[in-house]
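The opening position of the first sequence corresponds to residue 1394 in this note's numbering, with each subsequent residue numbered one higher.
As structure tokens, the structure follows; a few thoughts come after it.
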Amino acid sequence: MLSGETGLAQGELPTPRLYNTLTGRVEGLVPSDGKALRMYACGPTVYDYGHIGNFRTFLQVDVLRRFLRLRGTQVRHVMNVTDVDDKIIRNASAAGIPIADYTRKYEQAFFEDLDALQVEHPEIVARATEHIPEMIALIQRLATQDIAYRTEDGSWYFRIARFPEYGKLSKKDFEGINDGARIDLDEYEKDSARDFALWKAPRPGEHRWETELGPGRPGWHIECSAMAMQYLGDSFDLHAGGEDLMFPHHENEIAQSESASHRIFARHWFHVRFLLVENRKMSKSEGNFYTLRDLLLRGYKPSAIRMLLISVPYRQQLNFTFEGLAAETVAVERLRTFRDRIATTNWPERSAANGAGSEVTAAAREAKAGFMAALADDLNTAEARAAIFEMVRFVNARADAGQFFASDKAEVLDALDLFDRVFAVLDDHDEQWTRFTLEWAEREGRLDQAAPEVRARLELSNEQIQALIEERNQAKRARNFARADQIRNDLAAKGIALEDSKDGVRWKRK
RNA sequence: GCACCGGUGGCGAAGUGGCUAACGCGCUGGUCUGCAAAACCAGUAUUCGCGGGUUCAAUUCCCGCCCGGUGCUCCA
């Protein structure tokens, strides 16, 4: 029996195992309702363009959902968009526009960036501003139990003293903490310094909602609890986010949700580690802070960025470097070249004379099994891709030795397809997104941030390139190698690389 | 300061109480090519931050130290 679309027998597909922050162990991950895996992932706060650290998290969640789907597991994935928070209110107010006008642009940019990186969209995207009633209802549920309380200024807080398990996710012990130790001048009459805001009273002139709890805006934590429970129920399978969200955000979500429902909120917690950039923490003050668009304007390809951000397992602190980006560009290119070679070459038919074994087909099957096993083992993407690269080297060698036959083709292409169902780098959308980003930069008056060679690379049309290649072919036939090399060099200077092969000339934009 | 995570070749990294320490990139030499490119082959860590300890055996376990990161405060 085959499972999902992997072409592998059920026995070759181990159950996915994933580290669970809550229990501190690697545990099996299967839908608790036997149908679809219900997962919630903290989404972006749309006040600016996303940076590569943001995208590492979204990319790793994408790997998880792609892998589950590949195995045949349905996924019900909810992601929030935080389109109201202090920063948004401040920035929109400074720009003199309504917050919705301010956030719209960044929300759109966020989804464009996901598309550039081939990140699948969640089944459900939930905007905070469209779920105020659900948040109010949840706070009211807490208020009836006296777990939520109102302060003099009209804000509502969560009474942490009423949730003894507080700290169970981040493994913090709050017993010894002295409430009086911290004084927050910004807050009014909280019962305990640790108590966090559920609903914030408005400051004069601020954007506000008029509700049964009074005027104001939601706290950040209640947003995720309310929307997760709205779409996934009180209790669901998995909750994901960056490691920094573990405390206080996720801890607070647990406290609110479990206090209201008296049920386990999320069974499995998935946290993606921060990355380093050039061995340092990424920050604006370090000067190593990059948005996706920064990198595209510098000429790096979305596929290489995806490959780099995905290749280091999510629990490792990946060191993002430009050298690494260049390396992944080459690695992706090698895989594309390989697939192209397998797909387009006229392979010989196997005959009795050239042996009966099917080493290539066997290697491809082994690669598939190794790939799936590595991902099932806590999403070990490094090992998974190693399985594929081993196959590539082996198959290339057999092909060079004349030991690749037409009958091997399907299995090898199938292994590549399996790989790409998760890694999603083989189909070349790079040029399209680089062009898109250049157009955006032009509209935004940021064209000066684009590297000159990026523009040069896109200057020549495919037709112009083809014409030059044809001219070079004629020069070669006339054994005018000087002219032929001149054309090749000119194209190389514009980032167009030519490769001669038995089946004609291949070219690509570097 | 307290808590947690990590330190493996030139770079990014996988992994394990004991087989030749994956894989990608880079570099060197070779095959192929008019020359390149692509592809392949060979070489490229006697060694896994440092110092102790446990063990027949440690990169893998324990202790200490150094370094990096995260949380304790908005942060993917």
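Every residue, glycine too, gets a C-beta built ideally from N, C-alpha and C.
Which residues does DSSP list as the beta-bridge partners of I1703?
Here residue 1703 is taken as the residue at index 310 of the first sequence, counted from 1. DSSP lists no partner for I1703.
Whose C-beta lies closer than 8 Å to the C-beta of L1578 among residues of the same chain, with five residues either side of it excluded?
Within the first sequence, numbered from 1, the residue matching residue 1578 stands at position 185. Residue placement at L1578 is flagged as unreliable, the pLDDT there being 41, under the threshold of 50; the coordinate-derived value follows with that caveat. Within the same chain, L1578 has no close Cβ partners at all.
Quick one: using the 10 Å Cβ neighbour count with 16 as the cut-off for buried, is S1676 buried or exposed?
The count along the first sequence starts at 1 and reaches residue 1676 at position 283. Exposed.
Contact defined as beta carbons within less than 8 Å: I believe A1762 pairs with I1781. What is the distance between those atoms, to the nearest angstrom?
By one-based count along the first sequence, residue 1762 stands at place 369. By one-based count along the first sequence, residue 1781 stands at place 388. About 12 Å separates the two Cβ atoms, so there is no contact after all.
Can you check which of these residues, D1441, G1443 and G1436, is closest to V1454 by C-alpha distance?
Locating residue 1454 in the first sequence gives position 61, where the first residue counts as 1. Nearest C-alpha to V1454: G1436.
Taking Cβ to Cβ, would you say A1877 is nearer than 8 Å to V1805?
Taking the first sequence and counting its residues from 1, one reaches residue 1877 at position 484. Taking the first sequence and counting its residues from 1, one reaches residue 1805 at position 412. No.
Leaving out five residues before and five after F1589 in sequence, what residues of the same chain have Cβ atoms less than 8 Å from its Cβ?
As a first step, residue 1589 must be located in the first sequence, where it is residue number 196. Within the same chain, F1589 has close Cβ partners Y1550, F1551, I1553, G1612, H1614, P1641 and N1645.
By the DSSP assignment, the alpha helix (DSSP H) with F1829 in it spans what residues?
As a working mapping, residue 1829 is identified with position 436 in the first sequence. Here the alpha helix (DSSP H) through F1829 covers D1823 to R1836.
By the DSSP assignment, the alpha helix (DSSP H) with H1642 in it spans what residues?
Numbered from its first residue, the first sequence carries residue 1642 at position 249. Unbroken alpha helix (DSSP H) run through H1642: H1642 to S1654.
Can you tell which of Q1511, H1470 and L1507 has its C-alpha closest to the C-alpha of F1816?
Your numbering for residue 1816 matches position 423 in the first sequence. Nearest option by C-alpha distance: Q1511.
Looking only at its own chain, which residues have a Cβ that is under 7 Å from the Cβ of E1500, when we skip the five neighbours before and after it?
Locating residue 1500 in the first sequence gives position 107, counting from the first residue. Counting only Cβ-Cβ distances below 7 Å, and skipping sequence neighbours, we find V1439, V1474 and D1476.
Since A1767 and E1776 should fall inside the 8 Å C-beta cutoff, what is the C-beta to C-beta distance between them, to a whole number of angstroms?
Taking the first residue of the first sequence as position 1, residue 1767 is located at position 374. Taking the first residue of the first sequence as position 1, residue 1776 is located at position 383. The pair is a contact, with the Cβ atoms about 4 Å apart (cut-off 8 Å).
What first and last residue would you give for the beta strand (DSSP E) that runs through Y1542?
Counting from one through the first sequence, the residue named residue 1542 turns up at place 149. Its beta strand (DSSP E) spans residues A1541 to R1543.
Which residue marks the beginning of the alpha helix (DSSP H) containing S1486, and which one marks its end?
If you number the first sequence from 1, residue 1486 lands on position 93. Where S1486 is concerned, the enclosing alpha helix (DSSP H) stretches over D1479 to A1488.
Apart from the five residues on each side of it in sequence, which residues of its chain come closer than 8 Å, Cβ to Cβ, to H1822?
Here the question's residue 1822 lines up with position 429 in the first sequence. Once the five neighbours on either side are set aside, the close Cβ partners of H1822 are A1509, Q1511, P1695 and S1696.
Using the beta-carbon count (16 or more within 10 Å), is V1818 buried or exposed?
Residue 1818 sits at position 425 when you count from the first residue of the first sequence. Result: buried.
Taking the alpha helix (DSSP H) that T1730 falls in, what are its first and last residues?
Stepping through the first sequence from its first residue, residue 1730 is reached at position 337. T1730 -> alpha helix (DSSP H) spans F1715 to T1737.
Just to confirm, are H1661 and E1505 a CB contact at a threshold of 8 Å?
In the first sequence, residue 1661 corresponds to position 268, counting from 1. In the first sequence, residue 1505 corresponds to position 112, counting from 1. No.
Got a sec, what are the start and stop residues for the alpha helix (DSSP H) W1613 sits in?
In the first sequence, residue 1613 corresponds to position 220, counting from 1. Looking at the DSSP string, the run of the alpha helix (DSSP H) that includes W1613 is W1613 to L1625.
Let me make sure I understand the geometry here. Which of K1565, E1742 and I1529 has the alpha-carbon closest to that of M1921?
A question about residue 1921 goes unanswered here, because the residues of the chain that appear run from 1394 up to 1903.
Would you tell me roughly how many angstroms separate the C-alpha atoms of F1812 and S1585, rounded to the nearest one?
What you label residue 1812 is simply residue 419 of the first sequence in a count that begins at 1. What you label residue 1585 is simply residue 192 of the first sequence in a count that begins at 1. Rounded to the nearest angstrom, the two C-alpha atoms are 51 Å apart.
So the candidates are F1629, G1489 and W1602; which of them puts its Cα closest to the Cα of H1470?
Taking the first sequence and counting its residues from 1, the one referred to as residue 1470 is at position 77. Checked all of F1629, G1489 and W1602; the closest Cα to H1470 is F1629.
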